[in-house]
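See structure below.
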Amino acid sequence: MIKVNGVTVVQGNFPDGTLSTRAPADKHQDIYRFDWKYENDAELFILICLRKHYGNKKAVLYMPYCPHARMDRVKNDADVFTLKYFAEVINSLDFDQVIIRDPHSNVTPALINNCMIEEPVAAINRAVDASVADAICYPDEGAMKRYSAMSPLPYAFCIKKREWETGKILGLDLQNPEAIVGKNVLIVDDIYSRGGTFYYTAKALKEAGAKSVCLYVTHLEHTVLDGELYAAMVEDNLIEHIFTTDSIWNCKNSHITVINNL
Numbered sequence: 000m001i002k003v004n005g006v007t008v009v010q011g012n013f014p015d016g017t018l019s020t021r022a023p024a025d026k027h028q029d030i031y032r033f034d035w036k037y038e039n040d041a042e043l044f045i046l047i048c049l050r051k052h053y054g055n056k057k058a059v060l061y062m063p064y065c066p067h068a069r070m071d072r073v074k075n076d077a078d079v080f081t082l083k084y085f086a087e088v089i090n091s092l093d094f095d096q097v098i099i100r101d102p103h104s105n106v107t108p109a110l111i112n113n114c115m116i117e118e119p120v121a122a123i124n125r126a127v128d129a130s131v132a133d134a135i136c137y138p139d140e141g142a143m144k145r146y147s148a149m150s151p152l153p154y155a156f157c158i159k160k161r162e163w164e165t166g167k168i169l170g171l172d173l174q175n176p177e178a179i180v181g182k183n184v185l186i187v188d189d190i191y192s193r194g195g196t197f198y199y200t201a202k203a204l205k206e207a208g209a210k211s212v213c214l215y216v217t218h219l220e221h222t223v224l225d226g227e228l229y230a231a232m233v234e235d236n237l238i239e240h241i242f243t244t245d246s247i248w249n250c251k252n253s254h255i256t257v258i259n260n261l
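Right under this line is the structure:
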């Protein structure tokens, strides 16, 4: 979904499948704000057309979830560096500022011009309060480095090994387990996709003596409902609750709470 100066862009198609849309604001304003709540890559073409429609006026792009941010590196000739090429398209639109909430790594702001990061500090603190957490667990070293300075709570973290081609978790070791024994633990990370990381992290926490486990992710994909973590949460309370922001998730669910990042 895309908004221009707060007005939702109506998206349609001609019978041949090509784009049919109308610009929601006049062309005589001094600055334009484009809000893109990502749903699919087809919206990128709509954004391109709208930006060009308004000409060279000053413009800000607010993109709370940055698509392709996870494809921030390649390991062989078969890997397509989609983040790089996505960033090149965004840069070609010459936005005066691009605001992104909690990107997957520092590669994204390095590739996108005039990029400003919206840190999830407020959202994490609200999740800590709502879950009554007195300890945090970061599911990998990257998350630990990104988020550990955002909360004073004691923490543990995991070291995991993945199979690059499939993303399958091959192993996971909990570091500093004494920090979570008998505690209400909040797992903190940026994005939920298949949920395998959080499933194995929660199991490791429970086995190490955590009293309860909740999860905070800034970006929650709708695939959460299809994964084994959600099934385990509903059936045996492996994770008691999930907290997220509104960057992707837009459904009502008694096991999932959307918290404001501001």
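Using numbering that gives the first Met the number 0, read the sequence shown as starting at 0 and increasing by one per residue. Glycine is no exception: its CB is placed at the ideal position from the N, C-alpha and C atoms. Since this is a predicted model, take the numbers as computed values, not measurements.
Could you say which of Ala201, Ala134, Cys65 and Gln28 lies nearest to Ser246 if we only look at CA atoms?
Taking the sequence shown and counting its residues from 1, the one referred to as residue 246 is at position 247. Ser246 has its Cα closest to that of Cys65, out of Ala201, Ala134, Cys65 and Gln28.
For Asp95 and Lys26, what's the separation of their Cα atoms in angstroms?
Reading the sequence shown from its first residue, position 96 is the one you call residue 95. Reading the sequence shown from its first residue, position 27 is the one you call residue 26. Between Asp95 and Lys26, the C-alpha separation is close to 17 Å.
Grab me the residues of Leu237's own chain with a C-beta within less than 6 Å of its C-beta, minus the 5 sequence neighbours each way, in chain order.
If you number the sequence shown from 1, residue 237 lands on position 238. These residues qualify, in order along the chain: Ala201 and Ala231.
From the DSSP output, in three-state form, read off Thr222 for me.
Locating residue 222 in the sequence shown gives position 223, where the first residue counts as 1. Of the three classes helix, strand and coil, the one that applies to Thr222 here is helix, per DSSP.
Please go through the same chain and pick out, in chain order, the residues whose beta-carbon is closer than 8 Å to the beta-carbon of Val88, but skip the five residues on each side of it.
As a position in the sequence shown, residue 88 is number 89, starting the count at 1. Leu43 and Ile47, listed in sequence order.
Can you tell me the Cα-Cα spacing of Thr196 and Glu140, whole angstroms?
Taking the sequence shown and counting its residues from 1, one reaches residue 196 at position 197. Taking the sequence shown and counting its residues from 1, one reaches residue 140 at position 141. Answer to the nearest angstrom: the Cα atoms are 13 Å apart.
Of the choices Ala209, Lys36 and Gly54, whose alpha-carbon is the least far from that of Ile98?
Residue mapping note: residue 98 aligns to position 99 of the sequence shown, counting from 1. When only C-alpha atoms are compared, the closest one is Lys36.
Taking the alpha helix (DSSP H) that Met232 falls in, what are its first and last residues?
Residue 232 sits at position 233 when you count from the first residue of the sequence shown. Its alpha helix (DSSP H) spans residues Glu227 to Asp235.
What residues match up with Ser19 in a beta bridge as DSSP calls it?
Taking the sequence shown and counting its residues from 1, the one referred to as residue 19 is at position 20. BP columns for Ser19 point to Gly11.
Straight-line CA distance for Tyr229 to Pro102?
Mapped onto the sequence shown, residue 229 falls at position 230. Mapped onto the sequence shown, residue 102 falls at position 103. Straight-line Cα distance between these residues: approximately 24 Å.
Could you have a look at Ser253 and say whether DSSP puts it in helix, strand or coil?
Residue numbering aside, residue 253 sits at position 254 when the sequence shown is read from its first letter. Three-state DSSP puts Ser253 in coil, outside helix and strand.
Quick one: grab the DSSP three-state call for Ala126.
On the sequence shown, residue 126 is found 127 positions in, with the first residue counted as 1. Of the three classes helix, strand and coil, the one that applies to Ala126 here is helix, per DSSP.
Spell out a yes or no on whether the segment 103-116 and the segment 67-74 are touching, meaning 3 or more CB-CB pairs, one atom from each, closer than 8 Å.
The answer is yes - the segment 67-74 touches the segment 103-116, with three or more Cβ pairs under 8 Å.
So what's Arg69 in DSSP terms, helix, strand or just coil?
Here residue 69 refers to the residue found at position 70 of the sequence shown. Note: Arg69 maps to coil in three-state DSSP.
Per DSSP, what kind of secondary structure is Glu117 in: helix, strand or coil?
Counting from 1 along the sequence shown, the entry for residue 117 is found at position 118. Correct three-state label for Glu117: strand.
What are the start and end residues of the beta strand (DSSP E) that includes Leu60?
For this step, residue 60 is matched to residue 61 along the sequence shown. Here the beta strand (DSSP E) through Leu60 covers Lys57 to Met62.
On the criterion of 16 or more Cβ atoms from any shown chain inside 10 Å, does Phe33 qualify as buried, or is it exposed?
For the purposes of this step, residue 33 is identified with residue 34 of the sequence shown, where counting begins at 1. Classification for Phe33: buried.
Consider the Cβ of Tyr199: report whether some Cβ of chain B lies at a distance smaller than 8 Å.
Of the chains in the structure shown, none is chain B; there is only one protein chain.
Report the residue from Tyr137, Leu214, Ile179 and Arg145 whose alpha carbon sits nearest the alpha carbon of Arg125.
As a working mapping, residue 125 is identified with position 126 in the sequence shown. Closest option to Arg125, Cα to Cα, is Leu214.
Give the DSSP bridge partners of Arg191, in chain order.
Looking up residue 191 in the sequence shown gives position 192. The sequence given here places Tyr at residue 191; Arg does not occur at that position. Leu219.
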